[in-house]
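Working notes for the structure below.
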Amino acid sequence: MDCRQERREEGSRPVPDRKANRTILIRTLVLMAIFGVLTFAPLFFRLYDIQIRNHQDFQERAIQQQTMDNAVSANRGKIKDANGKVLARSATVYDVIFSPNDFVKVQENWDAAYVSADGSIRTGKDGYYPRPEAAAVAQGLAEILGGDAEKIQKSIEKTGSYYEVLANRVESETEEALRQFIRDQHLSNSLVLNPTSKRYYTYGSLAAQVIGWVNWKNDNKGAYGMEALYEDDLAGRTGRVVTAKNGRGREMKYSFQDYYDATDGNDLNLTLDATIQLYCERILEKGIEMFEVQDGGFVIAMDPNTGAIKAWATSPGYNLNDPWGVVDPVLSQYLESVQNDPAANEEAYMEALKQMQLRQWRNRAINDTYEPGSTFKSMVLAAALEEGVVNESTTFYCPGYYMVGDDKIGCSKKEPGHGSQDLATAVANSCNPAFMMIGQALGAEKFYDYLEDFGFLEATGVDIQGESSINPVSASLIWSRQTFTAPSTKQNAYLATASFGQRFQVTPLQLITAASAVINGGHLMEPYVMESITDPDGNIIKKNEPTEVRQVISEETSARCRTILEGVVDGGTGKRAYVPGYRIGGKTGSSETVKAGEDLIISRGEDYTIVSFLGFAPADDPQIVFLLAYNAPKPVSPGSNLTSRDYYISGGNMAAMMAGELMEDILAHMGVERHYSDSEKAMIDVTVPNLVGQTAQVGQEAATGAGFGVRTVGEGETVTAQIPVGGANIPSGSEIVLYLGEEKPADLVTVPDVRGQSASQAQETLARSGLYLKVGGNSNYMSKEARVAGQSINVGTSVERGTVVECRFSDNTMVD
Numbered sequence: 000m001d002c003r004q005e006r007r008e009e010g011s012r013p014v015p016d017r018k019a020n021r022t023i024l025i026r027t028l029v030l031m032a033i034f035g036v037l038t039f040a041p042l043f044f045r046l047y048d049i050q051i052r053n054h055q056d057f058q059e060r061a062i063q064q065q066t067m068d069n070a071v072s073a074n075r076g077k078i079k080d081a082n083g084k085v086l087a088r089s090a091t092v093y094d095v096i097f098s099p100n101d102f103v104k105v106q107e108n109w110d111a112a113y114v115s116a117d118g119s120i121r122t123g124k125d126g127y128y129p130r131p132e133a134a135a136v137a138q139g140l141a142e143i144l145g146g147d148a149e150k151i152q153k154s155i156e157k158t159g160s161y162y163e164v165l166a167n168r169v170e171s172e173t174e175e176a177l178r179q180f181i182r183d184q185h186l187s188n189s190l191v192l193n194p195t196s197k198r199y200y201t202y203g204s205l206a207a208q209v210i211g212w213v214n215w216k217n218d219n220k221g222a223y224g225m226e227a228l229y230e231d232d233l234a235g236r237t238g239r240v241v242t243a244k245n246g247r248g249r250e251m252k253y254s255f256q257d258y259y260d261a262t263d264g265n266d267l268n269l270t271l272d273a274t275i276q277l278y279c280e281r282i283l284e285k286g287i288e289m290f291e292v293q294d295g296g297f298v299i300a301m302d303p304n305t306g307a308i309k310a311w312a313t314s315p316g317y318n319l320n321d322p323w324g325v326v327d328p329v330l331s332q333y334l335e336s337v338q339n340d341p342a343a344n345e346e347a348y349m350e351a352l353k354q355m356q357l358r359q360w361r362n363r364a365i366n367d368t369y370e371p372g373s374t375f376k377s378m379v380l381a382a383a384l385e386e387g388v389v390n391e392s393t394t395f396y397c398p399g400y401y402m403v404g405d406d407k408i409g410c411s412k413k414e415p416g417h418g419s420q421d422l423a424t425a426v427a428n429s430c431n432p433a434f435m436m437i438g439q440a441l442g443a444e445k446f447y448d449y450l451e452d453f454g455f456l457e458a459t460g461v462d463i464q465g466e467s468s469i470n471p472v473s474a475s476l477i478w479s480r481q482t483f484t485a486p487s488t489k490q491n492a493y494l495a496t497a498s499f500g501q502r503f504q505v506t507p508l509q510l511i512t513a514a515s516a517v518i519n520g521g522h523l524m525e526p527y528v529m530e531s532i533t534d535p536d537g538n539i540i541k542k543n544e545p546t547e548v549r550q551v552i553s554e555e556t557s558a559r560c561r562t563i564l565e566g567v568v569d570g571g572t573g574k575r576a577y578v579p580g581y582r583i584g585g586k587t588g589s590s591e592t593v594k595a596g597e598d599l600i601i602s603r604g605e606d607y608t609i610v611s612f613l614g615f616a617p618a619d620d621p622q623i624v625f626l627l628a629y630n631a632p633k634p635v636s637p638g639s640n641l642t643s644r645d646y647y648i649s650g651g652n653m654a655a656m657m658a659g660e661l662m663e664d665i666l667a668h669m670g671v672e673r674h675y676s677d678s679e680k681a682m683i684d685v686t687v688p689n690l691v692g693q694t695a696q697v698g699q700e701a702a703t704g705a706g707f708g709v710r711t712v713g714e715g716e717t718v719t720a721q722i723p724v725g726g727a728n729i730p731s732g733s734e735i736v737l738y739l740g741e742e743k744p745a746d747l748v749t750v751p752d753v754r755g756q757s758a759s760q761a762q763e764t765l766a767r768s769g770l771y772l773k774v775g776g777n778s779n780y781m782s783k784e785a786r787v788a789g790q791s792i793n794v795g796t797s798v799e800r801g802t803v804v805e806c807r808f809s810d811n812t813m814v815d
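The numbers in numbering that gives the first Met the number 0 rise by one with no breaks, and the one at position 23 of the sequence shown is 22.
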């Protein structure tokens, strides 16, 4: 074939359509792009989600997978009283953690080291020790921890687990025994003591409702009281140890480690004085037992000039080191009754236990309200004097009642009543008709003004939990101004009953804060418990300063009130609070009320009395003011005014008696000097000097110099014996018998009955038997009504001559 023919054949072949090819290519690429985008879009979106949107979350997950983060507990700050005594502190304790998975490896390592190929044990090998077995380890740990061996063994046998808690908060004494056990059993890879912090309360139940406690069972934070309120200051900052871990979650000790120091918490310094707090709690407990009190009580002691709380005790109380335990006798008795009730199941008991726990944790002196009774008359007195509607010369006539419209409101002293009396006498008598007249003279508007001015319609501002929930102006607490002042028959009754502290409610803290303004020159001070907060080096971070809310009455009116209120203790309804050598003022209170709502201890609707005493001293320059109350002393029978021990149920007969003893302890602790009147000096207890071995002349001079009379027996030149013995405390002016060259009689004498006798009669009766009188308690035994109510040694007991018989005095007058 020639070339021309070939060209003709080539020219006859179809020519490719390049345009169509490009179209197909473009379409293919577009489809590939579309399918590629559709295919990879979710992947790109997921990548965006991981890397951008949820970057932080996945980063945290990676860190959690790759690192082991162990907390390093910070020591919680101390809580101290006003004198630096530590009330609460933290110390290192240990959680006991066992790793069953690692324990299996411990056993495998032992097998590899001491088991031969034929299965025999190579006991002769260096370092041999018995194979660790679950049962033996569990038994050893149970003996150290005081736990259940069977329960511990079950935890050890959970071979898939790396973390089993065998015990929490093990003390340092047990720690050393555990470490020795770990060494002996070669368990260092499976048994770990994890350090943590435990709160210790030095004085157990002291100031429990104020201090509060740390709930280690939950979040290890303050649960109540100052522990909760100042959590951020006390807690400190937890440290961390961060290390790498492998895929199985085990620590890679030498791969990576980072350490962040823990910062200890700050110290909280309170205004509380632990000694005064102890006195308050002791007198509260004593009165509850003596008067068969059914519903506890409270005591608040305050510096009236600054508002600093010196003591705050409420009952029932509890042990801060075991806040879940119920130790109060009344609450424990109730729980026991539920437990022994055949009709009550376990659920009923647990509910009762919960209610009793809540009851003991509650700070009733700020969370609860009550009718103040006659203690409120202190504020009414101040308002009336300030407004000039009464003065010291104003007289009142009390026939035993007062008519308010058609209502006859009685006085504590029934007909014929107190008769004619001036202002000071009316206050000393706590005369209700007189105070209704005073309230009427003030008028409803002015009366309500002073309710506001004394702070009864607002929170006090104290730095303690619970006050913010109080709504003073409500139907159940205090009338609104419109209701109280609107002209009506009811309004007259409101004013009348309010004038002697009935039919409205306040908190105990409101009352003592207002009372402080009455006696401190008229200044309403904001109460506070936190004195300062200091860092671990002692540097002050925060400090509370006394804060005056307002001036309520003048300095002059305040001084007049102090003088009149001193008369309440000097012969008035508060005479049982009298303490020789101290000038004390105060006001008694007895408020009859109805228990509102459901209550597990006192039946709903049951009438009961709150007996109280508001006291301050020294009367001319008050340094301490306190409010003491007992809720529901139990009458011997329904409607009776007496307990089964013959105590008359009233503030004057009960609370004042306890207040005198409390005041004596507090003032002595504060270093307040006594100043005795001439009549008091005759009965002051003086320590008898030891005169045996002295010459007759020196012995007699020493005895008379100490304020005693002297009678000698014998004619020797040396004192060979004496009655009473040296060191005994007897009233000044008592007669000491010195034996000069003679032996004192060895015969026994019989203790006479001095009950019902006055102080001078009892002293004379005992002296005739060769015995000595010691006055017990703090009632005014020099008053003409005072009689011996009890004696320390039973009538008819045979004792040695010179024995001191302590007598407690009371009187048979029934006071508010």
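The C-beta atom is built at its ideal place from N, Cα and C for all residues, glycine as well.
- At which residues does the alpha helix (DSSP H) containing A443 begin and terminate? In the sequence shown, residue 443 corresponds to position 444, counting from 1. Element bounds for A443: 443 to 452.
- Item | DSSP three-state assignment for V136, whether helix, strand or coil | Taking the first residue of the sequence shown as position 1, residue 136 is located at position 137. Reduced to three states, the DSSP call for V136 is helix.
- Hey, quick one: how far does the beta strand (DSSP E) through M653 stretch, first residue to last? Here residue 653 is taken as the residue at index 654 of the sequence shown, counted from 1. Run containing M653: none; DSSP gives neither H nor E here.
- Message: Can you tell me which residues form a DSSP beta bridge with K773?
- Response: Counted from its first residue, the sequence shown places residue 773 at position 774. DSSP output for K773 lists E805 as bridge partner(s).
- Task: Let me know the secondary structure DSSP gives D94 once reduced to three states.
- Result: Within the sequence shown, residue 94 is the residue found at index 95, counting from 1. Three-state DSSP puts D94 in a strand.
- Query: Do you know offhand how far K574's Cα is from A655's?
  - Reply: Within the sequence shown, residue 574 is the residue found at index 575, counting from 1. Within the sequence shown, residue 655 is the residue found at index 656, counting from 1. Straight-line Cα distance between these residues: approximately 7 Å.
- Query: Residues in its own chain within less than 8 Å of L352 by CB, not counting five upstream and five downstream?
  - Reply: Within the sequence shown, the letter at position 353 stands for residue 352. So the qualifying residues of the chain are V325, L334.
- Task: Return yes when the Cβ of Y202 is within less than 8 Å of the Cβ of L86, no when it is not.
- Result: Your numbering for residue 86 matches position 87 in the sequence shown. Your numbering for residue 202 matches position 203 in the sequence shown. Cβ atoms of L86 and Y202: closer than 8 Å.
- Item | the segment 613 to 626 in contact with the segment 294 to 305 per 3-pair CB rule at 8 Å | yes
- Message: Beta-carbon within less than 6 Å of N431's beta-carbon, same chain only, minus the 5 sequence neighbours each way: which residues are those?
- Response: Here residue 431 is taken as the residue at index 432 of the sequence shown, counted from 1. Answer for N431: C410, F499, listed in chain order.
- If you draw a straight line from the C-alpha of G139 to the C-alpha of D183, how long is it? Along the sequence shown, read from residue 1 onward, the residue named residue 139 stands at position 140. Along the sequence shown, read from residue 1 onward, the residue named residue 183 stands at position 184. Rounded to the nearest angstrom, the two C-alpha atoms are 11 Å apart.
- Message: DSSP three-state label for T608, please.
- Response: For the purposes of this step, residue 608 is taken as residue 609 along the sequence shown, with counting starting at 1. Residue state, collapsed to three classes: strand.
- With 16 other CB atoms within 10 Å as the buried threshold, where does L177 fall? The residue you call residue 177 lines up with position 178 of the sequence shown. Flag for L177 reads buried.
- Message: Using a 10 Å radius around the Cβ and a threshold of 16 neighbouring Cβ atoms, would you call Q55 buried or exposed?
- Response: Here residue 55 is taken as the residue at index 56 of the sequence shown, counted from 1. Result: exposed.
- Task: Run the CB neighbour count on V105, radius 10 Å, all protein chains shown included, and call it buried at 16 or more, exposed below.
- Result: In the sequence shown, the residue the question calls residue 105 occupies position 106. The residue is buried, with at least 16 neighbouring Cβ atoms inside 10 Å.
- Message: Closest to E741 by C-alpha separation, out of L765, I735, Q721, would be which residue?
- Response: Within the sequence shown, numbered from 1, the residue matching residue 741 stands at position 742. For E741, the nearest C-alpha among the options comes from Q721.
- Message: Buried or exposed, going by whether 16 or more other CB atoms sit within 10 Å of the CB of A474?
- Response: Your numbering for residue 474 matches position 475 in the sequence shown. Confidence at A474 is low in this model, with a pLDDT of 47, below 50, so the placement of that residue is unreliable and no value is reported for it.
- Item | Proximity to D80 [Cα-Cα], best of E565, A342, R361, M225 | Along the sequence shown, read from residue 1 onward, the residue named residue 80 stands at position 81. Looking at the Cα atoms, M225 is the closest of the given residues.
- Query: Got a sec? Which residues, its chain only, sit under 8 Å from Y199 by beta carbon, not counting five neighbours each side?
  - Reply: Here residue 199 refers to the residue found at position 200 when the sequence shown is read from its first residue. A87, R88, S89, A90, N320, listed in sequence order.
- Message: Less than 8 Å between the beta carbons of S515 and G372, yes or no?
- Response: On the sequence shown, position 516 is the one that residue 515 refers to. On the sequence shown, position 373 is the one that residue 372 refers to. Cβ atoms of S515 and G372: not closer than 8 Å.
- Task: Can you tell me which of the three DSSP states L542 falls into?
- Result: Taking the first residue of the sequence shown as 1, we reach residue 542 at position 543. Reading off the sequence, residue 542 comes out as Lys, not Leu. Three-state result, K542: strand.
- Is it buried or exposed for Y127, if we count other Cβ within 10 angstroms and need 16 for buried? For the purposes of this step, residue 127 is taken as residue 128 along the sequence shown, with counting starting at 1. So Y127 counts as exposed.
- Quick one: what's got a C-beta closer than 8 Å to N728's C-beta in the same chain, skipping five residues either side? Indexing the sequence shown from 1 puts residue 728 at position 729. The residues are D684, V685, T686, V687, K773, V803.
- May I have the straight-line CA-CA distance separating E284 from S314, to the nearest angstrom? As a first step, residue 284 is located in the sequence shown; it is residue number 285 there, counting from the start. As a first step, residue 314 is located in the sequence shown; it is residue number 315 there, counting from the start. Their backbone Cα atoms lie some 8 Å apart in a straight line.
- Compute the distance between the beta-carbons of I78 and I210, then report whether it is under 8 Å. Residue numbering aside, residue 78 sits at position 79 when the sequence shown is read from its first letter. Residue numbering aside, residue 210 sits at position 211 when the sequence shown is read from its first letter. Closer than 8 Å, so yes.
- Message: Tell me the DSSP secondary structure of T313 in three-state form.
- Response: For the purposes of this step, residue 313 is taken as residue 314 along the sequence shown, with counting starting at 1. Strand at T313.
- Item | Among E142, L144, T158, F97, nearest to E107 - alpha-carbon criterion | For the purposes of this step, residue 107 is taken as the residue at position 108 of the sequence shown. Of the listed residues, the one whose Cα sits closest to E107 is T158.
- Message: If the criterion is Cβ atoms closer than 8 Å, does the pair R236 and T274 meet it?
- Response: Within the sequence shown, residue 236 is the residue found at index 237, counting from 1. Within the sequence shown, residue 274 is the residue found at index 275, counting from 1. Contact flag unset, no.
- Message: Taking the straight line between their C-alpha atoms, what separation do you get for L523 and V548?
- Response: What you label residue 523 is simply residue 524 of the sequence shown in a count that begins at 1. What you label residue 548 is simply residue 549 of the sequence shown in a count that begins at 1. The straight-line gap from Cα to Cα measures roughly 5 Å.
- Task: For Q293, collect the residues of the same chain with a Cβ closer than 8 Å to its Cβ; drop the 5 residues on either side in sequence, then sort them by chain order.
- Result: By 1-based counting over the sequence shown, the position of residue 293 is 294. V329, I600, I601, Y607, N630, A631, P632, K633, listed in sequence order.
- Out of curiosity, what's the CA-to-CA distance linking N188 and S119? Here the question's residue 188 lines up with position 189 in the sequence shown. Here the question's residue 119 lines up with position 120 in the sequence shown. Taking the straight line joining both Cα atoms gives about 25 Å.
- Query: How many Å lie between R582 and D619 at the Cα?
  - Reply: For the purposes of this step, residue 582 is identified with residue 583 of the sequence shown, where counting begins at 1. For the purposes of this step, residue 619 is identified with residue 620 of the sequence shown, where counting begins at 1. When rounded, the distance between both Cα atoms is 8 Å.
- On the three-state DSSP scale, how would you describe M0? Locating residue 0 in the sequence shown gives position 1, counting from the first residue. Residue placement at M0 cannot be trusted, given a pLDDT of 49 that sits under 50; the coordinates are not used to answer.
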